[in-house]
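Worksheet: one structure, shown below.
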Amino acid sequence: MKTFKFLKINFMLVVALLTAGITMSFKLAEKNSADTAYYYISEDMSEGSFHNVNNWTTASSGGADCVTTGDRPCKVIVPENSSLGSVLGSKNNSQVLAISVNRKLEP
């Protein structure tokens, strides 16, 4: 009898924890969906060109030639309530490469 009661109490605890975990995962997914991906579309590699917002687009086709290594940035993620200009700021090319997701090969 004690074993049955023990299992029943622990089962309810596991169900409660799973419910809370699943609910939180949906809330995190909603928050991340507001982030915006920008893709580098220029062939310009001169110093300062990586932080020029005119060289970036939100079109997913801009990420078509992304690879794991390369000399140009491929994609940066801009959080909700932020802008590309504020994320890139006045970073030099090396700093933009450090925050980018994947790379593009030299043209």
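Numbering (UniProt numbering), first residue to last: 1 to 107. The C-beta atom is built at its ideal place from N, Cα and C for all residues, glycine as well.
Asked, Found
"Residues that DSSP places opposite residue 104 in a beta bridge", "72"
"Nearest residue (CA-CA) to residue 70, options 97, 41, 2 and 10", "97"
"Cβ contact (3+ pairs, closer than 8 Å) linking the region 71 to 81 and the region 30 to 50", "yes"
"Residue from 8, 5, 58 and 73 whose Cα sits closest to the Cα of residue 118", "Coverage of the chain is limited to positions 1 through 107, which leaves residue 118 absent and any answer about it impossible."
"Status (buried if at least 16 other CB within 10 Å, exposed otherwise) for residue 46", "exposed"
"Proximity below 8 Å, CB of residue 85 to CB of residue 53", "yes"
"Assigned secondary structure, residue 34 (DSSP; H/G/I helix, E/B strand, else coil)", "coil"
"Residues near residue 105 by beta carbon distance below 8 Å, same chain, minus five either side", "65, 67, 70, 71 and 72"
"Beta carbon proximity, residue 90 to chain B, threshold 8 Å", "Looking at the structure shown, chain B is missing, and only one protein chain is on hand."
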